[in-house]
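Asker:
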Amino acid sequence: MSIKDNILFFDERLKNTPCRLVAVSKTHAPDKIMEAYEAGHRLFGENKVQELIEKYPVLPHDISWHLIGHLQTNKVKYIAEFIDTIQSVDSLKLLQEINKRAEMHNRTLPINCMLQISIADEETKYGMDYEEAVAFLQSEEYRAMKYIRITGVMGIATNTDDQDKLRGEFRYLRDCFQKLKETFFFANQDFSELSMGMTSDWELALEEGSTLLRVGSGIFGTRTYQK
Ligand SMILES: *Cc1c(COP(=O)(O)O)cnc(C)c1O
1 MSIKDNILFF DERLKNTPCR LVAVSKTHAP DKIMEAYEAG HRLFGENKVQ
51 ELIEKYPVLP HDISWHLIGH LQTNKVKYIA EFIDTIQSVD SLKLLQEINK
101 RAEMHNRTLP INCMLQISIA DEETKYGMDY EEAVAFLQSE EYRAMKYIRI
151 TGVMGIATNT DDQDKLRGEF RYLRDCFQKL KETFFFANQD FSELSMGMTS
201 DWELALEEGS TLLRVGSGIF GTRTYQK
């Protein structure tokens, strides 16, 4: 199937659901992204700042860009002007820098941020656990931030075909989302996104309540290098 066909497939599958597709375009050239754009798609994800800042200027500016990979504090400045959502926030220090840079750019909209929660059992380098997310949202530092808003949580499941295991991880993330929503965002519509599901497990993630599927190879084909 062509990139266009893949986009139309997801459009059809996700219509009448609260779920949206983040087309993960990492490693793919701007002309491939344009194929998805011309099929009507506007929401794209990249995992590296360097790659994103090369693509951003040469692509239409009505694209919403989500950063989905680990973000180093010293690189926030390169994307703060235009990024729609940073899905991979995993420390207060990082969020403080995002808030500061958003203020400096005098953006019309705050930068949307999502808390990355570790849900896979292998000890991954990034992401916080539920208790850390709670402490984070209780902190004075977070409460003082005016130029960001927290829109939900993101998780990367274990790389396995064990459906029960994947389902368990997605349910755990959904539970975290619901508890955080009740505790910190009651009656606040901003906190509404549950980002989970990739090419190999998006159907399961959708069944478990995902609102943002992050699909790369399932749209653009296999990548020449992984990451
Ligand atoms: C690359 C990547 C994806 C997409 O992976 P595919 O298996 O190609 O769909 C999703 N989420 C994150 C965080 C990624 O880095």
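1 is the number of the first residue of the sequence shown in this note's numbering; add one for each residue after it.
By construction, the Cβ of each residue, glycine as well, lies at the ideal position given by its N, Cα and C atoms.
For clarity, every value in this text was computed on a predicted model and none was experimentally measured.
Within 10 angstroms of its Cβ, does Glu169 collect 16 or more other Cβ (buried), or is it exposed?
Answerer: With 16 or more Cβ atoms within 10 Å of its Cβ, Glu169 is classed as buried.
Asker: Tell me Val237's beta-bridge partners as DSSP assigns them.
Answerer: Limits of the chain in this structure are 1 at one end and 227 at the other, which puts residue 237 out of reach.
Asker: Could you check if Gly221 belongs to the surroundings of ligand 1, using beta carbon to heavy atom distance under 7 Å?
Answerer: No, Cβ of Gly221 sits at least 7 Å from all heavy atoms of ligand 1.
Asker: Could you have a look at Lys227 and say whether DSSP puts it in helix, strand or coil?
Answerer: Residue placement at Lys227 is poorly supported in this model, since its pLDDT is 46, which falls under 50; the coordinates are not used for a value here.
Asker: Using beta-carbon positions only, say whether Leu94 and Leu71 come within less than 8 Å of one another.
Answerer: In contact: Leu94 and Leu71 (Cβ atoms closer than 8 Å).
Asker: Cβ of Arg20 within 7 Å of any heavy atom in ligand 1?
Answerer: Not under cutoff, so the answer is no.
Asker: Taking 7 Å as the cut-off, is the beta-carbon of Asn6 closer than that to any non-hydrogen atom of ligand 1?
Answerer: Incorrect: Asn6 has no Cβ contact closer than 7 Å to ligand 1.
Asker: Identify whether Thr151 lies in helix, strand or coil by the three-state DSSP scheme.
Answerer: DSSP places Thr151 in strand when its eight states are reduced to three.
Asker: Nearest to Arg149 by alpha carbon, out of Ile111, Ile79, Lys165, Ile117?
Answerer: Among Ile111, Ile79, Lys165, Ile117, the Cα nearest to that of Arg149 belongs to Ile111.
Asker: Taking the beta carbon of Gly197 as the centre, do at least 16 other beta carbons fall within 10 Å, making it buried, or is it exposed?
Answerer: Gly197 is buried by the Cβ-count criterion.
Asker: Please look up how many angstroms separate the CB atoms of Leu206 and Ser195, rounded, as I've assumed it's under 8 Å.
Answerer: In fact, because the Cβ distance is near 12 Å, the residues do not count as touching under 8 Å.
Asker: Of the residues Ile219, Glu81, Tyr37, Arg101, which one's Cα is nearest the Cα of Pro60?
Answerer: Taking only the C-alpha atoms, the option nearest Pro60 is Tyr37.
Asker: If you run the structure through DSSP and keep just helix, strand and coil, what is Arg42?
Answerer: If DSSP states are grouped into helix, strand and coil, Arg42 belongs with coil.
Asker: What residue range is occupied by the uninterrupted alpha helix (DSSP H) comprising Ser217?
Answerer: It spans 217-220 - the alpha helix (DSSP H) in which Ser217 sits, taken as one unbroken run.
Asker: Output yes or no for whether 8 Å exceeds the beta carbon distance between Tyr147 and Glu103.
Answerer: In contact: Tyr147 and Glu103 (Cβ atoms closer than 8 Å).
Asker: Between Met114, Ile83, Leu8, which lies nearest to His105 when the distance is taken from Cα to Cα?
Answerer: Ranking Met114, Ile83, Leu8 by Cα distance to His105 puts Ile83 first.
Asker: Taking Cβ to Cβ, would you say Leu67 is nearer than 8 Å to Gln50?
Answerer: No, the pair does not count as a contact, with Cβ atoms beyond the cut-off.
Asker: Quick one: give me the first and last residue of the alpha helix (DSSP H) that Leu206 is part of.
Answerer: Looking at the DSSP string, the run of the alpha helix (DSSP H) that includes Leu206 is 202-207.
Asker: Could you pull out every residue in the same chain whose Cβ sits closer than 8 Å to the Cβ of Thr224, ignoring the five residues on either side in sequence?
Answerer: For Thr224, where only same-chain residues beyond five positions count, the Cβ hits under 8 Å are Thr27.
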